[in-house]
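Protein chains in written order, with the numbering used here: chain A, 1 to 111; chain B, 1001 to 1112.
The beta carbon of each residue, even a glycine, is placed where N, CA and C say it ideally should be.
Because the structure is a prediction, the values reported are computed rather than measured.
Structure first, then comments.
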Amino acid sequence: LAKTTQPISMDSYEGQEVNITCSHNNIATNDYITWYQQFPSQGPRFIIQGYKTKVTNEVASLFIPADRKSSTLSLPRVSLSDTAVYYCLVAPDTGRRALTFGSGTRLQVQP
Amino acid sequence: GAGVSQSPSNKVTEKGKDVELRCDPISGHTALYWYRQRLGQGLEFLIYFQGNSAPDKSGLPSDRFSAERTGESVSTLTIQRTQQEDSAVYLCASSFWDSPLHFGNGTRLTVT
């Protein structure tokens, strides 16, 4: 499985756009990129998944450049409730076995 | 519908005792994962079940840890002779084949 690298922490203010980048230099052809969000005392929850270019849903956007060696999770106009840990996961779409999460990025949103 | 359910939500045990943690996956989900999360740390993979295939036990930290799953139903994670370093939140996740994971809220284990 591709190893991922994310910033340990980020700070932002309410109303700002937040971009969290994940590096995955050894991503394989059949790997997808998935982001999860974890609040304190809860299990992680799925945010968004993509393979290439751009994916957008009601919560976030995911930008993946052509070489796919990195990806950026974009959270528009964050609020205090977006304070959480965000994990980037790179894994194949089939034949998956162990899934190893990275250390995640702790996002703190200030008023 | 119901999500992934884990029980108990909290467990306090004495060092040396055995504990059993339970995970009820989402109905129809073929894959089931166990993770350990120490305070302030990331997710540490423990074991993976997929349908009737042999489980991937590569993440189990010692032979004190074991897990079972019957078919595509409930899973139990057993820790024998618990140690203080076993204190953590144990998270279970399920998915339909290789779709995104759905996590439970975990069992917080405290070994005194």
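- Query: What is the rounded straight-line gap between the Cα of Asn1037 (chain B) and the Cα of Asn19 (chain A)?
  - Reply: At residue 1037 (chain B) the sequence reads Gln, which differs from the Asn that was named. Distance between Gln1037 (chain B) and Asn19 (chain A), taken at the CA atoms: about 25 angstroms.
- Please name the residue, chosen from B:Arg1108, B:Cys1092 and B:Trp1097, that lies closest to Val1004 (chain B) on a Cα-to-Cα basis. The residue with the shortest Cα to Cα distance from Val1004 (chain B) is B:Cys1092.
- Query: Quick check: the stretch 71–85 of chain A against the stretch 1012–1032 of chain B, are there 3 or more CB pairs under 8 angstroms?
  - Reply: Fewer than three beta-carbon pairs drawn from the stretch 71–85 of chain A and the stretch 1012–1032 of chain B are found closer than 8 angstroms, and the two stretches are therefore not classed as touching.
- Task: Under 8 angstroms between beta-carbons, which chain B residues line up against Gln37 (chain A)? List them in chain order, please.
- Result: Under a criterion of Cβ atoms nearer than 8 angstroms, no residue of chain B is adjacent to Gln37 (chain A); the nearest Cβ is some 11 angstroms distant.
- Message: Residues of chain A with CB closer than 9 angstroms to the CB of Ala1088 (chain B), please, in chain order.
- Response: What Ala1088 (chain B) touches in chain A: nothing, since even the nearest Cβ is about 13 angstroms away.
- Item | Per-residue burial, Ile47 (chain A) [other beta carbons within 10 Å of its own, 16 or more giving buried] | Buried is the call here.
- chain B contact residues for Gln108 (chain A), given Cβ-Cβ distances below 7 angstroms: Near Gln108 (chain A) there are no residues of chain B at all, since even the closest Cβ is about 14 angstroms away, more than 7 angstroms.
- Message: For Leu1117 (chain B), which residues in the same chain have their Cβ closer than 8 angstroms to its Cβ, ignoring the five residues on either side in sequence?
- Response: With chain B running from 1001 to 1112 in the structure shown, residue 1117 (chain B) is simply not present.
- Let me know the secondary structure DSSP gives Asp31 (chain A) once reduced to three states. Three-state DSSP puts Asp31 (chain A) in a strand.
- Message: Please list, in chain order, the chain A residues whose beta carbon lies closer than 7 angstroms to that of Pro1100 (chain B).
- Response: Per Cβ cutoff of 7 angstroms: Thr34, Phe46 and Gln49.
- DSSP bridge partner residues for Pro92 (chain A) (one or two, in chain order): According to DSSP, which records beta bridges pairwise, Pro92 (chain A) is partnered with A:Asp31.
- Closer than 8 angstroms at the beta carbon, the chain B residues around Ser103 (chain A): Annotation: Cβ neighbours of Ser103 (chain A) in chain B (cutoff 8 angstroms, chain order): Gln1041 and Gly1042.
- Task: Look at the Cβ atom of Phe1045 (chain B), then the Cβ atom of Ser1058 (chain B), and state whether they are nearer than 9 angstroms.
- Result: Ser1058 (chain B) is positioned such that its CB atom lies closer than 9 angstroms to that of Phe1045 (chain B).
- Message: For a contact defined as C-beta to C-beta under 9 angstroms, what are the partners of Leu1091 (chain B) on chain A?
- Response: Those within 9 angstroms of Leu1091 (chain B) in chain A are Gly43 and Pro44.
- Message: Quick check: is the beta carbon of Ala91 (chain A) nearer than 9 angstroms to any beta carbon in chain B?
- Response: With respect to chain B, the C-beta atom of Ala91 (chain A) has a partner C-beta closer than 9 angstroms.
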